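Be aware that the sequence shown starts at 13, since it is given in the working numbering, and climbs by one per residue.
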Amino acid sequence: MEGMEKHYSEQKFWSKLKRFALKAGHSVVYTALLLYYTLQKPELPKKARITILAALGYFILPIDLIPDFMAGVGFTDDLGALGVALFQVAVHIDDEVKGKAKEKLVHWFGTNVDTSEVDKKI
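Encoded structure:
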């Protein structure tokens, strides 16, 4: 993921997330949102910031290891990259970050969202 942080921009992040949220599914979207809201923390260490920017940069890339348009598998590489970053910065994810991410999920998907699979990993 080295060098991927240059592909990140807030506008590109929200554009891709809104466009592919339903196709990507709850886990990918929730993981991306957790990283995004963690990135907003001013006290976040530089190493964690770069890790998140690289993962979100990879997520944003239109062409990656497995193209996003491939039905059923298109977001598996994105989830892998996001998951690695999530694991590395988990110590910086607090209840406020989780709350913001869940609120956005409910707004997009309704109240029938299950974040337990991702939550138990952090």
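Glycine included, each C-beta is placed from N, C-alpha and C at the ideal position. Since this is a predicted model, take the numbers as computed values, not measurements.
Using the three-state DSSP reduction, which class does residue i fall into: helix, strand or coil?
| i | result |
| --- | --- |
| residue 131 | helix |
| residue 51 | helix |
| residue 107 | helix |
| residue 43 | helix |
| residue 125 | coil |
| residue 27 | helix |
| residue 95 | helix |
Compare the Cα-Cα distances from residue i to each of the options and report the closest residue.
| i | options | result |
| --- | --- | --- |
| residue 125 | 104, 42 and 56 | 42 |
| residue 130 | 96, 121, 119 and 71 | 96 |
| residue 107 | 24, 53 and 61 | 53 |
| residue 66 | 127, 25, 134 and 119 | 25 |
In chain order, what residues of the same chain have a beta carbon less than 7 Å from the beta carbon of residue i, not counting five sequence neighbours either side?
| i | result |
| --- | --- |
| residue 29 | 41 and 44 |
| residue 64 | 47, 50, 51, 97 and 101 |
Specify, as a first and last residue, the run of the alpha helix (DSSP H) that residue i falls within.
| i | result |
| --- | --- |
| residue 64 | 58-72 |
Please report the distance separating the alpha-carbon of residue i from that of residue j.
| i | j | result |
| --- | --- | --- |
| residue 21 | residue 114 | 22 Å |
| residue 69 | residue 59 | 15 Å |
| residue 104 | residue 61 | 10 Å |
| residue 18 | residue 57 | 18 Å |
| residue 85 | residue 92 | For residue 85, the pLDDT reaches just 44, beneath the cut-off of 50, and the residue's location in the model is therefore unreliable, leaving the point undetermined. |
| residue 23 | residue 72 | 10 Å |
| residue 118 | residue 55 | 27 Å |
| residue 99 | residue 116 | 21 Å |
Who are the Cβ neighbours of residue i in its own chain at under 6 Å, not counting the five residues just before and after it?
| i | result |
| --- | --- |
| residue 112 | 49 |
| residue 110 | none |
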